[in-house]
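**Student:** Residue numbers (this note's numbering): 11 to 276.
Note that CB positions come from ideal geometry on N, CA and C, so glycine has one too.
This is the structure I have questions about; it appears just below.
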């Protein structure tokens, strides 16, 4: 099942996406259950929202061998974790607003795990039973800020709009062996496959659950392959993962209160 979350007046709503560009509105939520309530509508006619509202967004660094190599980093012996604030999330079709456009800002295509039920200290063997489904994520990163800050990922990856996710959750998907492709203005930037993950989904869910209890709707960004590329204002970024469709976002610049672009110095 494909599940979207969209703007329907003042109250966000879920719907079951069909294969023809339409979706059926539902009452309830993906965790307690969805009940179809009305006729189908065109998905393009509504504003999509991030598909869930997580209590936490956990990222995994250097989880592809080739990505570690391009950063001249040693391979981790266990998952390297960081957190992105939920306020960084941006829906499909939203604009990534660069906070420091004078810096190098990179896109990073990632398979994102959506947790379906409370997971605390779960085993690797049982871990996939706690997963609701999967979506596409872009772990946008300000590289200059990443180098400057001692807690390297927190601010560089946590600015508002630096976590695009969507367009939907796919609940019926095997996360192993999925092709990934990122393009910027139609030019291929990244290509990879989830079969190359150093730590697979089951390992990550189990490992993280032994450090922090995972709640329904929490997200795990599983890492990115090599080829991360700079994005600039005016760019169009399209991320595609096999079985998950495409996540598209434009790139702009944060506007300050007076209406001009923000170009903060270090």
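According to DSSP, what are the bridge partners of residue 314?
**Tutor:** Within the shown structure, residues of the chain are numbered from 11 to 276, placing residue 314 beyond reach of any answer.
**Student:** Determine whether the beta carbon atoms of residue 263 and residue 107 lie at a separation below 8 angstroms.
**Tutor:** yes
**Student:** Can you give me the Cβ contacts of residue 265 inside the same chain, cut-off strictly under 6 angstroms, excluding the 5 residues immediately before and after it?
**Tutor:** none
**Student:** Within 10 Å of its beta-carbon, does residue 4 have 16 or more other beta-carbons around it, so buried, or fewer, so exposed?
**Tutor:** No information on residue 4 is available, as it lies outside the stretch 11 to 276 that the chain covers here.
**Student:** With a threshold of 8 angstroms between beta carbons, is residue 113 in contact with chain C?
**Tutor:** Within the model displayed, chain C is absent; a lone protein chain is all it includes.
**Student:** Going by alpha carbons, who is nearest to residue 8 out of 186, 144 and 38?
**Tutor:** Limits of the chain in this structure are 11 at one end and 276 at the other, which puts residue 8 out of reach.
**Student:** Run through the DSSP bridge pairs and tell me what residue 93 is partnered with.
**Tutor:** 68
**Student:** In whole angstroms, give me the CA-to-CA distance for residue 78 and residue 90.
**Tutor:** 12 angstroms
**Student:** Is DSSP giving residue 264 helix, strand or coil here?
**Tutor:** Correct three-state label for residue 264: coil.
**Student:** Let me check understanding here. Comparing Cα to Cα, which of 66, 15 and 62 lies closest to residue 223?
**Tutor:** 66
**Student:** Where in the region 99-152 do unbroken runs of the beta strand (DSSP E), each at least 3 residues long, occur, reported from the N-terminal end onward?
**Tutor:** 105-108, 115-117, 119-125 and 141-148
**Student:** Are there 16 or more other CB atoms within 10 angstroms of the CB of residue 42, so buried, or fewer, so exposed?
**Tutor:** Under this definition residue 42 is an exposed residue.
**Student:** With burial defined as no fewer than 16 other Cβ atoms inside 10 Å of the residue's Cβ, what is the status of residue 220: buried or exposed?
**Tutor:** Exposed, because fewer than 16 other Cβ atoms sit within 10 Å of the Cβ of residue 220.
**Student:** Decide yes or no for the touch test of the region 98-106 against the region 164-182: beta carbon pairs closer than 8 angstroms, at least 3 of them.
**Tutor:** yes
**Student:** Within its chain, find whatever has a CB closer than 6 angstroms to the CB of residue 75; leave out the 5 residues flanking it on each side and keep chain order.
**Tutor:** none
**Student:** Note down the Cα distance separating residue 133 from residue 142, rounded to an integer number of angstroms.
**Tutor:** 17 angstroms
**Student:** Count the other CB atoms within 10 Å of the CB of residue 83; is the residue buried (16 or more) or exposed (fewer)?
**Tutor:** exposed
**Student:** At a cut of 8 angstroms, does the region 199-217 reach the region 230-239 through at least three beta carbon pairs?
**Tutor:** yes
**Student:** From 164, 243 and 55, pick the residue whose C-alpha is nearest to that of residue 94; which is it?
**Tutor:** Nearest C-alpha to residue 94: 164.
**Student:** Could you pull out every residue in the same chain whose Cβ sits closer than 6 angstroms to the Cβ of residue 64, ignoring the five residues on either side in sequence?
**Tutor:** If we look at residue 64 and ignore the five residues flanking it on each side, its Cβ neighbours are 96, 227, 228 and 229.
**Student:** Please specify which runs of the alpha helix (DSSP H), each continuous and at least 4 residues long, are wholly inside the region 206-243, giving them in chain order.
**Tutor:** Within the region 206-243, the complete alpha helix (DSSP H) segments of 4 residues or longer fall at 211-219, listed in chain order.
**Student:** Quick check: residue 33 and residue 26, are their CB atoms within less than 8 angstroms of each other?
**Tutor:** yes
**Student:** Which residues share a DSSP beta bridge with residue 193?
**Tutor:** By DSSP's assignment, residue 193 forms a beta bridge with 198 and 248.
**Student:** Can you list, in chain order, the residues of its chain whose CB lies under 6 angstroms from that of residue 155, leaving out five sequence neighbours each side?
**Tutor:** 165 and 166
**Student:** Would you mind giving the Cβ-Cβ distance between residue 68 and residue 218, rounded to the nearest angstrom? I have them listed as a contact below 8 angstroms.
**Tutor:** 6 angstroms
**Student:** Specify the secondary structure class of residue 49 as computed by DSSP and reduced to three states.
**Tutor:** coil
**Student:** Considering only DSSP beta bridges, list what residue 203 is partnered with.
**Tutor:** 189
**Student:** Helix, strand or coil, according to DSSP, for residue 88 in the structure here?
**Tutor:** coil
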